[in-house]
Amino acid sequence: MASGKPGAVHSGNDSSYEWDLARCFEEARWRFPERPWPTNEIVREGLDDYLAFTLGAGPRAKVEFGPENDIYRAGIEMYERWTGTSGPVKLGGTLKPRDFGYALCRHYTALQSFDEDALVAAGRKMLRAHLQERWLGSGQYIRAATWLKIVHHQLGGEADPRQCILRAYDDMPDVTRPVFV
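Reminder that position 62 of the sequence shown reads as 179 in our numbering, one-by-one numbering, no gaps.
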């Protein structure tokens, strides 16, 4: 609530400011002097979260912070810096979360154009590869919820947060949807 506006926890609204803070704090974790992260750990774990937070901040970032703010370019620069790769992304195959996030940042900055349905399909493929075993099976519920929000709310247009989270059952083919859902 440092911005003077009630945050998502208090208002139920998505807050670009809080997502942007999470993005900055994620990078600060890598650089903590008492335990700096090795490059392979930053690429393997840190970039996934950094790009998720970038995407969370992005939809309203320009409204909240002014037109000069380009949150997606920050995501692109961070990805390229740590992976050493740049340029067009192909949506074929199953993308890692960081690669999918990079593709979205490129799309939102008009550096690369994708069909919206192709983005949703690529996002769902990424979710199918990570939700069940890697995230939910390992207790990484916030990470799972964040990427579900990106794919089903931001890209897919699901307005109801509960339904957005319940879409996890659609992306975990080995898990039977409970009757009460």
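Where a beta carbon is used, it is the ideal one built from N, C-alpha and C, also for glycine.
With a threshold of 6 Å on Cβ separation, who are the neighbours of residue i within its own chain once the five nearest residues in sequence on each side are excluded?
| i | result |
| --- | --- |
| S203 | E197 |
| R215 | L164, D165 and L168 |
| M289 | L248 and Q249 |
| R245 | D288 |
Hey, how far is the Cα of residue i from the Cα of residue j?
| i | j | result |
| --- | --- | --- |
| P184 | P155 | With a pLDDT of only 49 at P184, under 50, the local geometry of the prediction cannot be trusted, and the value read off the model is given with reservation. When rounded, the distance between both Cα atoms is 35 Å. |
| R294 | S230 | 35 Å |
| Q280 | W252 | 19 Å |
| R140 | Y134 | 10 Å |
| T171 | D232 | 21 Å |
| D131 | G173 | 8 Å |
| W199 | I159 | 8 Å |
| F142 | F297 | 38 Å |
| F149 | Y286 | 37 Å |
| E144 | G201 | 17 Å |
| M72 | Y189 | Because the chain spans 118 through 298 in this model, residue 72 falls outside it and cannot be assessed. |
Which residues mark the beginning and the end of the alpha helix (DSSP H) in which residue i is found?
| i | result |
| --- | --- |
| A262 | Y258 to L265 |
| V237 | E233 to H247 |
| E135 | S133 to W147 |
| I282 | P278 to L283 |
Which residues in the same chain have their Cβ closer than 8 Å to the Cβ of residue i, if we skip the five residues on either side of it in sequence?
| i | result |
| --- | --- |
| L212 | V206, A220, A239, K242 and M243 |
| R146 | W154 and G163 |
Starting from the C-beta of residue i, find all residues in its chain whose C-beta is less than 7 Å away, skip the five residues before and the five after it, and write them out in chain order.
| i | result |
| --- | --- |
| R284 | L265, H269 and E275 |
| G273 | V237 |
| F217 | A239, G240 and M243 |
| P123 | Note that P123 has pLDDT 47, beneath the 50 cutoff, so the model's placement of it is unreliable and the number below is only indicative. Within the same chain, P123 has no close Cβ partners at all. |
Measure from the C-beta of residue i to each C-beta in chain D and report whether the shortest distance is under 8 Å.
| i | result |
| --- | --- |
| R279 | No chain D is present in this structure, which holds just one protein chain. |
Residue i: beta carbon under 7 Å from a heavy atom of the ligand HEM?
| i | result |
| --- | --- |
| K242 | The ligand HEM is not among the ligands present in this structure, which contains no ligands whatsoever. |
Is there contact here, the region 245-264 with the region 221-229, by at least three beta-carbon pairs under 8 Å?
no
Please give me, in chain order, every unbroken run of the alpha helix (DSSP H) with length at least 4 that falls completely inside the region 177-227.
188-200 and 214-225
For the region 234-242 against the region 263-275, do three or more pairs of beta-carbon atoms, one drawn from each stretch, fall closer than 8 Å, so that the two count as touching?
yes
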